[in-house]
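Position one of the sequence shown corresponds to residue 275 (this note's numbering), numbered consecutively onward. C-beta atoms are modelled at their ideal positions from N, C-alpha and C, and glycine is treated no differently. Everything below concerns the one structure shown next.
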Amino acid sequence: MKKKKISIVGSGFTGSTAAFIAASKGIANIVLVDTYGSPNPTTGKALDIAQAMPILHQNSHIQASNDYADTKDSDVVLITSGIARKPGMSREDLMQTNQEIVENATKEIVKYSPDCVIIVLTNPVDAMTYAVYKASGFKPNRVIGQSGVLDTARFRTFIAQSLNVAVTDVTGFVLGGHGDTMVPLIRYSSVSGVPLSDLMDKETIDSIVDRTRNGGAEIVNLLGAGSAYYAPAAAMIEMAEAILNDSHRLLPAIAYLNGEFNHEDLYIGVPVILNKDGVEKVVDLQLSDEEQQAFDVSAASVKSAIQSLK
Ligand code: APR
């Protein structure tokens, strides 16, 4: 069977880490696209990752490129190009520069891979996903953004650390926009099926929710320069793998709403089923009044970011 192909636009911290994770799992051949200069880090990173393959017993082919023609016939394209958030900078500050970068990338991607699924990571990611959707001319199921897998992973990590249990046994679900207004659904969180509320008091849960909301900023402040990239890269690859394998996984993703959750014409984090065509279905949940209210606040904030797109 022909090996699948992932192209990754932006070979910075997140893009190259995603390339390494995908290559080390052997899920696809990879093209890393970035602008070239001298020195040429993209080519250096691709070569470095290629040289890890014999040690990791994988045959993934990694290619660096500054020419979108090399992305031809990609199954999945990840967009990570853009400028990263600096300490004290809000995601919205990034808007204008990143919109131009992702739209230009999208036009090139669709020219060479008209049947691909695009996963967007560039921040502010909800608005950037909407911008990519508009620039692509694709049906909305083929354009998805990453935030929920990462936000949920952060939530699960903090729960596991607090209870001293295996993180793989902790489930959680985070909806809404990526950032301060995200909506963790506590009633869907458990440790091997035991509801979180039976294991922790409300105060502890609230403090973990708060830490999850600020999970990105916590890392930005610690790093001093740039933003988180290991977990964001792993999150993108989990989504890409679900698409490449047509595995019908139910994951949180930034998807287009057309009436689901009482909203329309907006991209925001919701549960979806992922198949080879991207979003097979948005899983529309009956939220409690309090949850719907929190989701509406989040949707309003994403809508205002979308409205400020050029
Ligand atoms: N075409 C291709 N690549 C580009 C372009 C462009 N027009 N403009 C910028 N890039 C590349 C940069 O050269 C750089 O290699 O995008 C890459 C971005 O990488 P980093 O600066 O290392 O940023 P990273 O930490 O990977 O974050 C990327 O993801 O989480 C979000 O907020 C984050 O929006 C940011 C994105």
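Please classify residue i as buried or exposed, where buried requires at least 16 neighbouring CB atoms within 10 angstroms.
i           : result
residue 374 : exposed
residue 352 : buried
residue 522 : exposed
residue 328 : exposed
residue 496 : exposed
residue 545 : buried
residue 477 : exposed
residue 309 : exposed
residue 321 : exposed
residue 498 : exposed
residue 275 : exposed
residue 305 : buried
residue 467 : exposed
residue 414 : buried
residue 398 : buried
residue 362 : exposed
residue 451 : buried
So, using beta-carbon positions, are residue i and residue j closer together than 9 angstroms?
i           : j           : result
residue 518 : residue 319 : no
residue 295 : residue 508 : yes
residue 289 : residue 355 : yes
residue 420 : residue 528 : yes
residue 514 : residue 549 : no
residue 493 : residue 501 : yes
residue 547 : residue 538 : no
residue 423 : residue 552 : no
residue 566 : residue 535 : yes
residue 439 : residue 406 : no
residue 338 : residue 285 : yes
residue 426 : residue 506 : no
residue 371 : residue 283 : no
residue 300 : residue 325 : no
residue 530 : residue 556 : yes
residue 369 : residue 568 : no
For residue i, I'd like the list of residues in its chain whose CB is within less than 7 angstroms of its CB, leaving aside the five on either flank, ordered along the chain.
i           : result
residue 444 : 430, 433, 434 and 465
residue 441 : 430, 431 and 434
residue 323 : 293, 294, 297 and 336
residue 532 : 538
residue 347 : 279 and 387
If contacts are defined as beta-carbon pairs under 8 angstroms, then residue i and residue j qualify, I think. What distance do you get, rounded to the angstrom?
i           : j           : result
residue 449 : residue 459 : 6 angstroms
residue 542 : residue 400 : 6 angstroms
residue 456 : residue 572 : 7 angstroms
Tell me which residues share the same chain as residue i and place their Cβ nearer than 6 angstroms to its Cβ, disregarding the 5 neighbours each side in the sequence.
i           : result
residue 428 : 486 and 489
residue 403 : 394, 419, 528 and 541
residue 274 : Here the chain has residues from 275 to 584 only, and residue 274 is not among them.
residue 462 : 447
residue 380 : 406, 409 and 410
residue 342 : 382 and 386
residue 520 : 549 and 550
Please tell me whether residue i has its Cβ less than 9 angstroms away from any Cβ of chain B.
i           : result
residue 297 : Absence of chain B from the displayed structure is noted, only one protein chain being present.
Output needed for residue i: all residues of its chain with C-beta closer than 8 angstroms, excluding positions within five of it in sequence on either side, in chain order.
i           : result
residue 302 : 277, 278, 279, 280, 296, 334, 349, 350, 514 and 518
residue 340 : 307, 308, 309, 310 and 316
residue 479 : 460, 470 and 471
residue 436 : 474, 478 and 482
residue 412 : 384 and 392
residue 504 : 291
residue 252 : The chain is shown only over 275 to 584; residue 252 falls outside these bounds and no answer can be derived.
How about residue i: is its Cβ closer than 8 angstroms to a heavy atom in ligand 2?
i           : result
residue 506 : Inclusion of ligand 2 in the displayed structure is not the case, the ligand content consisting of ligand 1 alone.
Legend entry - Complete runs of the beta strand (DSSP E) confined to the region 313-345 [at least 3 residues]: If we require 3 residues or more, the beta strand (DSSP E) runs fully inside the region 313-345 come out as 336-339.
Legend entry - Continuous alpha helix (DSSP H) assignments of at least 4 residues falling wholly in the region 415-483: 422-437, all fully within the region 415-483.
Inset, instruction - Give, in chain order, every unbroken run of the beta strand (DSSP E) that is at least 3 residues long and sits entirely within the region 367-405. - result: Qualifying beta strand (DSSP E) stretches, in chain order: 391-394.
Inset, instruction - Entirely within the region 508-544 and at least 3 residues each: give me those beta strand (DSSP E) ranges in chain order. - result: If one requires a minimum length of 3 residues, the beta strand (DSSP E) runs lying completely within the region 508-544 are 523-532, in chain order.
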